[in-house]
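Engineer: Protein chains in written order, with this note's numbering: chain A, 445 to 576; chain B, 445 to 576. Positions of the beta carbon are idealized from the N, C-alpha and C atoms, including for glycine. Note that the structure is predicted; figures quoted are calculated from it, not measured. Got a structure for you, questions after.
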DNA sequence: CTAAATGCAAATCATTTGCAAAGAG
DNA sequence: CTCTTTGCAAATGATTTGCATTTAG
């Protein structure tokens with residue numbers, strides 16, 4: 445059983461067959477799929493409705509089992525706790541992970557200054573390789 | 445004539461009445477309106493179709509006159525050159541601008557450390573209001 | 001004048017919702 | 001057993017598109 449299933453128990457989210465399926469898809473995902481993509485991947489393994497996928501995703505996002513961003517005109521999802529800070533190499537398109545410990549503090553302070561408590565943040569950096 | 449009109453000339457974007465209207469709305473905006481909001485504001489001044497607003501926004505985003513982000517399930521727009529770092533109030537959905545000077549340096553250094561020159565970045569912070 | 005832009009309405013995606021049947025605890 | 005969740009299908013909201021008409025350059 446995956447990490448996310450355990451997290452569901454903890455948050456009091458009932459574990460059903462369709463939910464396990466969605467959770468499994470998101471545990472295996474290395475990208476940020478939208479509801480439709482999640483449904484397609486899940487449907488390869490068992491019968492599940494797109495409407496149900498939407499309801500599940502809403503529930504899991506509300507309870508903090510997943511995080512959700514608006515991207516490319518759609519809502520996209522990932523397992524909670526994954527790092528989502530990237531540097532995109534504009535020459536090659538390669539994506540490099542950035543360690544967020546460098547920023548967490550300064551961002552927290554900035555939020556504080558505006559009267560907010562930092563809940564989460566997402567940073568996308570574009571850069572080009574130095575040197576030849 | 446606003447700054448954006450000049451930018452259109454430069455990029456070879458034909459200046460029509462509806463386009464000037466959309467540009468004016470976005471020059472005056474202090475928030476990040478979606479197509480529908482832009483249409484409502486524009487329609488107060490002259491007759492214009494929502495469909496046309498969408499087409500104009502696409503053209504202006506493609507040519508770099510405006511920048512577009514996906515937010516709150518909708519596409520939202522702002523004049524090019526404005527900083528696009530936001531704090532999203534997770535209670536109300538309100539979007540607050542963050543001054544990026546706080547981060548530019550530390551992000552530049554992080555990129556440097558990974559062997560890259562910083563070209564651009566985008567920061568999205570989610571926070572909840574402090575206080576009782 | 002000519003290619004590009006607009007209005008209008010219908011089409012296409014993304015997401016939500018009402019209701020009856022199935023399932024978890 | 002009871003309350004929640006699912007399936008199905010229809011509804012809503014965001015965005016795009018085809019076609020005849022107007023307009024900027």
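Note down the Cα distance separating residue 515(B) from residue 498(A), rounded to an integer number of angstroms.
Structural biologist: Using only the alpha carbons, I get a separation of about 18 Å.
Engineer: Note down, one range per segment and in chain order, each alpha helix (DSSP H) of at least 4 residues found wholly within the region 464-521 of chain A.
Structural biologist: Complete alpha helix (DSSP H) runs here, min 4: 479-487 and 494-506.
Engineer: Could you check whether residue 530(B) and residue 568(B) sit closer than 8 Å to each other, using their CB atoms as the reference points?
Structural biologist: Against a cut-off of 8 Å, the Cβ pair of residue 530(B) and residue 568(B) comes out as a contact.
Engineer: Let me check one thing: in DSSP terms, what residues is residue 554(A) bridge-paired to?
Structural biologist: According to DSSP, residue 554(A) bridges with nothing at all.
Engineer: Hey, residue 563(A) and residue 572(B) are a contact pair by Cβ (cut 8 Å); roughly how many whole angstroms apart?
Structural biologist: The pair is a contact, with the Cβ atoms about 6 Å apart (cut-off 8 Å).
Engineer: Anything in chain A within Cβ reach of residue 516(B), meaning under 7 Å, just list it in chain order.
Structural biologist: 514, listed in chain order.
Engineer: Between residue 493(A) and residue 503(A), what straight-line distance do the alpha-carbon atoms span, to the nearest angstrom?
Structural biologist: Approximately 15 Å, taken between the alpha carbons.
Engineer: Looking at the secondary structure, which residues open and close the beta strand (DSSP E) in which residue 566(A) lies?
Structural biologist: First-last of the beta strand (DSSP E) with residue 566(A): 560-573.
Engineer: Hey, could you find the ends of the beta strand (DSSP E) residue 531(A) is sitting in?
Structural biologist: Residue 531(A) -> beta strand (DSSP E) spans 529-533.
Engineer: Would residue 521(B) and residue 470(B) qualify as a contact pair, given that the criterion is a beta-carbon distance under 8 Å?
Structural biologist: Cβ atoms of residue 521(B) and residue 470(B): closer than 8 Å.
Engineer: Looking at the unbroken beta strand (DSSP E) that takes in residue 539(B), where does it start and where does it end?
Structural biologist: 539-541 is the extent of the beta strand (DSSP E) around residue 539(B).
Engineer: Over what stretch of residues does the alpha helix (DSSP H) that includes residue 448(B) continue unbroken?
Structural biologist: From DSSP, the alpha helix (DSSP H) with residue 448(B) extends over 447-455.
Engineer: Pick helix, strand or coil for residue 523(B), following the three-state DSSP scheme.
Structural biologist: Strand at residue 523(B).
Engineer: May I have the straight-line CA-CA distance separating residue 451(A) from residue 509(A), to the nearest angstrom?
Structural biologist: So the two alpha carbons sit approximately 7 Å from each other.
Engineer: Answer yes or no: does any C-beta atom of chain A fall closer than 8 Å to that of residue 548(B)?
Structural biologist: Not one chain A Cβ lies under 8 Å of residue 548(B).
Engineer: If I measure Cβ to Cβ from residue 449(A) and keep anything under 8 Å in the same chain, skipping five residues before and after, which residues do I get?
Structural biologist: 459, 464 and 467.
Engineer: According to DSSP, is residue 549(B) part of a helix, a strand, or is it coil?
Structural biologist: Residue 549(B) falls in the helix class under three-state DSSP.
Engineer: Output, in chain order, the set of chain A residues within a Cβ distance shorter than 9 Å of residue 573(B).
Structural biologist: Neighbours of residue 573(B) on chain A, chain order: 559, 560 and 561.
Engineer: Report all residues from its chain with a CB closer than 6 Å to the CB of residue 491(B); omit the five preceding and five following residues, and keep chain order.
Structural biologist: Same-chain partners within the cutoff: there are none.
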